[in-house]
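For the sequence shown, position 71 (counting from the first letter as 1) is numbered 279 according to the working numbering, and the numbering increases by one without interruption.
The C-beta atom is built at its ideal place from N, Cα and C for all residues, glycine as well.
Following: one structure in structure tokens, then a few remarks.
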Amino acid sequence: MSAPTTIGFVGLGQMGEPMAAFIARGETPLICYDRVPGRAPEGAIEAGELAEVIARADTIFLSLPDGKIVNAVAAEIAAMDDVAGKVIIDMSTIGPAAAKEAAATLTAAGMTFIDAPVSGGRQGALKASITIIWAGPQAEMARHRHIIDLFCANAFHVGDQPGQGQAVKLLNNFLSATAMAASSEAVLFGLAHGVDMKTILDVVKVSTGNNTAIEDKFPRRILTGSYDAGFFAELLNKDVRLYNQFVQEAGTSNLIGARVAEVWQQVEEALPPQSDFTRVFEVLEKRTLP
209 MSAPTTIGFV GLGQMGEPMA AFIARGETPL ICYDRVPGRA PEGAIEAGEL
259 AEVIARADTI FLSLPDGKIV NAVAAEIAAM DDVAGKVIID MSTIGPAAAK
309 EAAATLTAAG MTFIDAPVSG GRQGALKASI TIIWAGPQAE MARHRHIIDL
359 FCANAFHVGD QPGQGQAVKL LNNFLSATAM AASSEAVLFG LAHGVDMKTI
409 LDVVKVSTGN NTAIEDKFPR RILTGSYDAG FFAELLNKDV RLYNQFVQEA
459 GTSNLIGARV AEVWQQVEEA LPPQSDFTRV FEVLEKRTLP
């Protein structure tokens, strides 16, 4: 299998823009489309419409907000001429059901669909340090590895079926959301006993309670007051809701998941749109009794 000759990229938002920028630095030509003009990175061609990307590229990456949009785009692509043989690599977080729907639509048109969400947030995307969670043929992963390595630090093949990548991404984001909320409450407990935040973090970082929130989010985003992890609270809440939805379908235990979902719903309702998810600390701080 030969390497793709032209790469397409659809969706240049919080995650898509930096990922596309790294791909544009590679040797394979890149053509991009976003509904907001002017977002294409230096070195890439900016398409005026989706059809132009699909016509010119043999592999197309998607980075879109939700499953509804992904499946609308998939249906639009499948209806175009001469799409058989093309590869769609969807890096959006949309849940297993939406991934399976998109796969069915595109496979029926003779295309290959890869369910490949990414993890690491915007800060990771800006440093090309994110992780791609690949569910699809390993041969396609190998064929695209030189492209993946331009914007990812880690690449994992988790299965061959669409939806498997989404399952791993959602469980990861659930764990991240749980760590952020639980750590916020734990730190507030320590503060209420007169221990300063840096001391709490220093102790927990080298103890059994350490997690990503304590290791990174608190010292870099909360202690500094920057609240700039680069991921919106409403997007994390969306992921937690999706996780809970598919846990119910799977029939696995969800005692903690249901409670975490309640917390993040309250956080989204308490914050203005596009607030950083680390501001969960402020929301929970306001619930602290005087």
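According to the DSSP assignment, Val448 belongs to the alpha helix (DSSP H) that extends over 441-458. Per DSSP, Ile340 is one residue of the beta strand (DSSP E) stretching across 338-343. Closest in C-alpha terms to Ala307, from the list Phe321, Met227, Gln482, comes Phe321. Around the beta carbon of His401, fewer than 16 other beta carbons sit within 10 angstroms, so the residue counts as exposed. Residue pairing by DSSP puts Ser327 in a beta bridge opposite Thr339. When Cβ pairs closer than 8 Å are counted between the two stretches, the stretch 431-439 is seen not to touch the stretch 471-480, the count staying below three. Where His365 is concerned, the enclosing beta strand (DSSP E) starts and stops at 360-367. At the C-beta level, Gly373 and Asp323 come within 9 Å of one another.
The distance from the Cβ of Ser391 to that of Ile422 is about 5 Å, consistent with a contact at the 8 Å cut-off. Contact between the stretch 397-417 and the stretch 325-338 is absent, with fewer than three C-beta pairs closer than 8 Å. Cα atoms of Glu393 and Thr213: separation of roughly 51 Å, rounded to the nearest angstrom. Residue environment analysis places Arg495 among the exposed positions, since fewer than 16 neighbouring C-beta atoms fall within 10 angstroms of its C-beta.
In the structure shown, Asp289 falls within a coil segment according to DSSP collapsed to helix, strand and coil.
Three or more beta-carbon pairs separated by less than 8 Å link the stretch 298-314 to the stretch 269-284, which places the two stretches in contact. Your pair Ile268 and Met288 does not check out as a contact, with CB atoms roughly 11 Å apart and the cut at 8 Å.
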